[in-house]
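Line by line, the protein sequences give chains A and B.
Letter by letter, the first sequence follows residues 150 to 256 in the numbering used here.
Letter by letter, the second sequence follows residues 150 to 256 in the numbering used here.
Beta carbons: idealized from backbone N, C-alpha and C, even for Gly.
The block underneath contains the structure these notes are about, expressed in structure tokens.
2 protein chains.
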Amino acid sequence: MGVTKRFIHSDYINQISTIAKVFSHPARVAILKHISEQEQCICNDLVDEIGLSQATISQHLSVIADAGLLKGTFQGKAKCYCINLETFENFREILNSFFITTKSNCC
Amino acid sequence: MGVTKRFIHSDYINQISTIAKVFSHPARVAILKHISEQEQCICNDLVDEIGLSQATISQHLSVIADAGLLKGTFQGKAKCYCINLETFENFREILNSFFITTKSNCC
DNA sequence: TTTTATAATCGTAATATTGCAATATTACGA
DNA sequence: TCGTAATATTGCAATATTACGATTATAAAA
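Laid out in structure tokens, this is it:
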């Protein structure tokens with residue numbers, strides 16, 4: 150057990166949960182918020198700002214990146230992580246439409 | 150380790166992640182979708198419809214309910230779970246405003 | 001080339017989550 | 001009250017997630 154049974158659900162249902170999962174950890178929300186507020190951002194900034202180890206921040210960043218939410222421009226030693234606004238906006242619309250189409254018919 | 154360090158984040162950040170967590174499992178998304186499509190809904194319907202055991206469905210339901218997303222009208226043995234639209238709409242607005250206020254300044 | 005700074009990866013420990021069988025509880029009807 | 005149907009809870013096994021120290025990889029600077 151302990152394995153989420155994704156195969157019993159539709160692609161749409163799985164997509165919603167996959168998107169939500171990215172935002173289900175406060176560190177990842179904080180990382181996105183911080184990146185969005187900076188002109189540019191390297192991982193070390195995040196370590197100081199958020200208060201988790203470099204390894205942990207890096208792990209969370211890769212989760213966010215794997216979801217397609219980051220564009221990384223390598224600038225020498227440092228790295229400029231930027232939010233992929235196309236994907237981000239896409240996620241917003243998908244979640245928002247899920248909320249809007251979910252109504253209550255009883256009570 | 151293994152414990153999410155919530156205390157290092159702001160209430161706002163934690164709120165976003167807490168809301169997202171409810172939707173981060175496909176079974177919970179499926180439950181909400183199914184409830185929204187029915188005139189009324191008892192747990193047994195969900196077991197047949199979703200394909201998880203009664204115990205598992207009941208657990209997911211309590212996660213959704215704990216978040217404030219359900220209004221349960223007990224009708225004798227059976228139970229009519231309904232979506233709490235006030236909370237649901239509130240969650241939609243909170244998430245949507247998070248997305249809207251998160252911009253990209255570089256790249 | 002060596003050093004230095006930065007970020008990714010590895011390995012591991014701890015906790016959380018998922019799922020289900022078994023059992024308990026609840027509420028109704030006979 | 002007894003039996004039954006519906007849902008909740010408990011206990012447990014398996015897997016996932018979180019976090020971090022240590023190590024590695026990479027690229028600029030000395």
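For F247 of chain A, the closest C-alpha among the options B:E186, B:L201, B:F156 and B:H158 is that of B:E186.
Using a CB distance below 7 angstroms, the part of the stretch 166-195 of chain A facing chain B consists of S166, A169, K170, F172, S173, H174, P175, V178, A179, L181, K182, S185, Q187, E188 and Q189, ordered along the chain. Within the stretch 203-220 of chain A, those residues whose Cβ lies closer than 8 angstroms to any Cβ of chain B are, in chain order, K220. Taking C-beta atoms under 8 angstroms as the contact rule, S166 of chain A and V178 of chain B qualify, at a distance of about 5 angstroms. With a threshold of 16 other beta carbon atoms within 10 Å, I180 of chain A meets it and is buried.
Rounded to the nearest whole angstrom, the C-alpha separation of F172 of chain A and F172 of chain B is 10 angstroms.
L218 of chain B sits close to N233 of chain B, with the two beta carbons spaced by under 8 angstroms.
H183 of chain A is not a Cβ neighbour of H209 of chain A, given a cutoff of 8 angstroms. A169 of chain A sits buried, since 16 or more C-beta atoms from the chains shown fall within 10 Å of its C-beta. Nearest to K228 of chain A by alpha-carbon distance, out of A:L195, A:E238, A:T251 and A:S202, is A:L195. Nearest Cα to H158 of chain A within the set B:C231, B:D160, B:I162 and B:I199: B:I199. The Cβ neighbour count for F156 of chain B, taken over all protein chains shown within 10 Å, is under 16; the residue is labelled exposed. For C190 of chain B, there is no enclosing beta strand (DSSP E), as DSSP gives it neither H nor E.
Rounded to whole angstroms, the Cβ separation of C192 of chain A and S207 of chain A is 6 angstroms, and the two are in contact under 8 angstroms. Here T236 of chain A is not bridged, per DSSP, to any residue. Within chain A, the residues whose beta carbon sits less than 7 angstroms from that of N245 of chain B are R241 and N245, listed in sequence order. Rounded to whole angstroms, the separation of the alpha carbons of R241 of chain B and T251 of chain A is 11 angstroms. The Cβ-Cβ distance between C190 of chain A and Y230 of chain A falls below 8 angstroms.
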